[in-house]
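Engineer: Here the sequence shown stands for residues 16 to 318, where the numbers follow the numbering used here. All C-beta atoms, glycine included, are put in the ideal place defined by N, C-alpha and C.
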Amino acid sequence: MTASFDYGGRTGYEPISEVDRKEFHEQGFLLLRNVLTEDHRAALEAAVDRVYAEEKAAGNTKPDGTLHLLGFLERDELFGELLTHPIAFPYMWGLAGWNIYSHHNHLDVTPPAAEPEKPYWGWHQDGYRQNSDPETMDPNVPRPMFSLKVAYVLSDLSETGRGATKVIPGSHLWNSLDRPADLSVHNPDPEGTVEITANPGDAFIFDRRQWHSRSTNLSTITRKMLFVGYTYRWIRPLDELHPDINGEWYKNRTPVQRQLIGEGGHTANFWGINWDGYIDEEIPLRKELKTRGLLDRNIPWLR
Numbered sequence: 016m017t018a019s020f021d022y023g024g025r026t027g028y029e030p031i032s033e034v035d036r037k038e039f040h041e042q043g044f045l046l047l048r049n050v051l052t053e054d055h056r057a058a059l060e061a062a063v064d065r066v067y068a069e070e071k072a073a074g075n076t077k078p079d080g081t082l083h084l085l086g087f088l089e090r091d092e093l094f095g096e097l098l099t100h101p102i103a104f105p106y107m108w109g110l111a112g113w114n115i116y117s118h119h120n121h122l123d124v125t126p127p128a129a130e131p132e133k134p135y136w137g138w139h140q141d142g143y144r145q146n147s148d149p150e151t152m153d154p155n156v157p158r159p160m161f162s163l164k165v166a167y168v169l170s171d172l173s174e175t176g177r178g179a180t181k182v183i184p185g186s187h188l189w190n191s192l193d194r195p196a197d198l199s200v201h202n203p204d205p206e207g208t209v210e211i212t213a214n215p216g217d218a219f220i221f222d223r224r225q226w227h228s229r230s231t232n233l234s235t236i237t238r239k240m241l242f243v244g245y246t247y248r249w250i251r252p253l254d255e256l257h258p259d260i261n262g263e264w265y266k267n268r269t270p271v272q273r274q275l276i277g278e279g280g281h282t283a284n285f286w287g288i289n290w291d292g293y294i295d296e297e298i299p300l301r302k303e304l305k306t307r308g309l310l311d312r313n314i315p316w317l318r
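1. What is the rounded straight-line gap between the Cα of L51 and the Cα of H40?
2. So S209 and K239 are supposed to be a Cβ contact under 8 Å. How far apart are they, rounded?
3. Do you know offhand how far R48's Cα is from E69's?
4. Given a cut-off of 8 Å, decide if S117 and G244 are closer than it, judged by their beta-carbon atoms.
5. Does the segment 187 to 201 touch the segment 155 to 166, meaning 3 or more C-beta pairs lie closer than 8 Å?
6. Within the segment 87 to 123, note down every full alpha helix (DSSP H) run reaching 4 residues or more, in order along the chain.
7. Is it buried or exposed, H121, if we count other Cβ atoms within 10 angstroms and call 16 or more buried?
8. Check whether the segment 193 to 203 touches the segment 165 to 181, taking contact to mean three or more Cβ pairs, one atom from each stretch, closer than 8 Å.
9. Could you give the C-beta distance for G86 and E278, rounded to a whole number, given that I count them as a contact under 8 Å?
10. Where does E210 sit, in a helix, a strand or coil, going by DSSP?
11. In the structure shown, what three-state DSSP assignment does R301 receive?
12. If we ignore side chains and look at the alpha-carbon of each, how far apart do L163 and E297 end up?
13. I'd like to know if H121 contacts chain C, where contact means its C-beta is closer than 8 Å to some C-beta of that chain.
14. Buried or exposed for I260, going by 16 or more other Cβ atoms inside 10 Å?
15. Excluding the 5 residues flanking V14 on each side, which residues of the same chain have their C-beta closer than 8 Å to its C-beta?
16. Check whether the Cβ atoms of A103 and V165 sit closer than 8 Å, and answer yes or no.
17. Please report the distance separating the alpha-carbon of D204 from that of E150.
18. If I follow the unbroken alpha helix (DSSP H) through A218, where does it start and stop?
19. Give the straight-line distance between the Cα atoms of R268 and G27, rounded to the nearest whole angstrom.
20. What is the residue span of the alpha helix (DSSP H) that R268 lies within?
21. Please name the residue or residues paired with F44 in a DSSP beta bridge.
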């Protein structure tokens with residue numbers, strides 16, 4: 016059965032504000048407060064703890080106890096419901112459109128560091144070859160966004176030093192970031208670095224191009240987070256899901272959620288069209304947005 020949490024009538028189809036859209040396009044990320052109700056957050060944390068215990072028993076955690084689990088959505092009913100979270104989901108279709116799905120998602124558990132970390136340079140953009148294949152020779156022309164992520168914060172990251180994500184606001188428009196010449200010593204963070212301090216139940220959304228880095232958990236608190244990435248359906252999956260179509264988890268998924276786990280009728284459908292070359296009006300998320308009057312010809316990805 017699908018769990019029910021009170022979000023005050025929010026459906027996941029309320030348009031985002033122009034203020035939020037502008038800030039995201041300028042800064043490359045948005046911090047959203049109180050995205051999860053406390054009962055929902057606690058239930059998600061309990062599910063994370065269960066999965067963590069299973070992975071630890073199977074020997075899949077690192078020696079220091081950290082877990083970075085790809086493709087976690089099928090591991091609990093609550094995780095599948097996050098695909099269309101009533102507060103976060105409008106940012107996904109509002110910023111990327113209706114022809115999207117979740118190509119990449121991960122569950123992270125980061126216990127307190129037992130000893131000081133060796134020097135490392137963790138700053139990067141997501142997307143791997145998406146940072147090279149569509150590259151222009153003009154360093155002043157930013158690469159395409161292609162994807163974005165929502166990160167749900169389950170533990171208390173309200174103070175620095177708890178392993179939170181670091182970002183450089185506005186750096187999603189940079190194609191490169193200067194790297195220290197000597198990586199054998201600890202280097203200061205780049206100028207403009209912000210550590211995303213967040214309360215339990217907050218979430219943040221970021222453009223995959225945003226230069227970001229993990230940080231060391233120097234506290235006594237275990238960092239627990241869930242990341243759900245969305246990209247265009249014509250881009251191949253990074254983390255493949257293999258749901259049991261006869262199982263309860265799959266049966267509980269809505270048509271839109273099934274689109275978001277990668278379903279499509281045929282290859283052209285992933286490009287948003289039928290074989291006649293016209294838009295497929297039956298693509299679940301497009302159909303839902305059209306029914307609600309949320310398509311907008313002034314926004315390219317919502318046409």
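Structural biologist: Once the coordinates are examined:
1. On the sequence shown, position 36 is the one that residue 51 refers to. On the sequence shown, position 25 is the one that residue 40 refers to. Approximately 24 Å between the Cα atoms of the pair.
2. The residue labelled residue 209 in the question sits at position 194 within the sequence shown. The residue labelled residue 239 in the question sits at position 224 within the sequence shown. Strictly speaking, residue 209 in this sequence is Val, with Ser absent from that position. Not quite, the Cβ-Cβ distance comes to about 21 Å (not below 8 Å), so this is no contact.
3. Translated into the one-based positions of the sequence shown, residue 48 becomes position 33. Translated into the one-based positions of the sequence shown, residue 69 becomes position 54. Between R48 and E69, the C-alpha separation is close to 31 Å.
4. Start at 1 with the first residue of the sequence shown, and residue 244 comes out as number 229. Start at 1 with the first residue of the sequence shown, and residue 117 comes out as number 102. For G244 and S117, yes; Cβs fall inside 8 Å.
5. yes
6. 92 to 96 and 104 to 111
7. In the sequence shown, counting from the first residue as 1, residue 121 sits at position 106. Its Cβ being crowded by 16 or more others within 10 Å, H121 is buried.
8. no
9. Indexing the sequence shown from 1 puts residue 86 at position 71. Indexing the sequence shown from 1 puts residue 278 at position 263. That pair is no contact at about 16 Å.
10. Start at 1 with the first residue of the sequence shown, and residue 210 comes out as number 195. Residue state, collapsed to three classes: strand.
11. To locate residue 301, count along the sequence shown from 1; it is residue 286. Reduced to three states, the DSSP call for R301 is helix.
12. To locate residue 163, count along the sequence shown from 1; it is residue 148. To locate residue 297, count along the sequence shown from 1; it is residue 282. Each residue's alpha carbon lies about 24 Å from the other.
13. Of the protein chains in the structure, only one exists, and it is not chain C.
14. Looking up residue 260 in the sequence shown gives position 245. Exposed, by the Cβ-count rule.
15. The first residue shown for the chain is 16 and the last is 318, placing residue 14 beyond what the model contains.
16. To locate residue 103, count along the sequence shown from 1; it is residue 88. To locate residue 165, count along the sequence shown from 1; it is residue 150. A contact, by the Cβ cut-off of 8 Å.
17. The residue labelled residue 204 in the question sits at position 189 within the sequence shown. The residue labelled residue 150 in the question sits at position 135 within the sequence shown. Cα to Cα, the separation comes out at about 26 Å.
18. Residue 218 sits at position 203 when you count from the first residue of the sequence shown. Segment A218 to D222 is the beta strand (DSSP E) holding A218; no alpha helix (DSSP H) there.
19. Mapped onto the sequence shown, residue 268 falls at position 253. Mapped onto the sequence shown, residue 27 falls at position 12. Near 15 Å, if we compare the C-alpha coordinates of G27 and R268.
20. Looking up residue 268 in the sequence shown gives position 253. Element bounds for R268: n/a, residue is neither H nor E.
21. Locating residue 44 in the sequence shown gives position 29, where the first residue counts as 1. In DSSP, F44 forms a bridge with F221.
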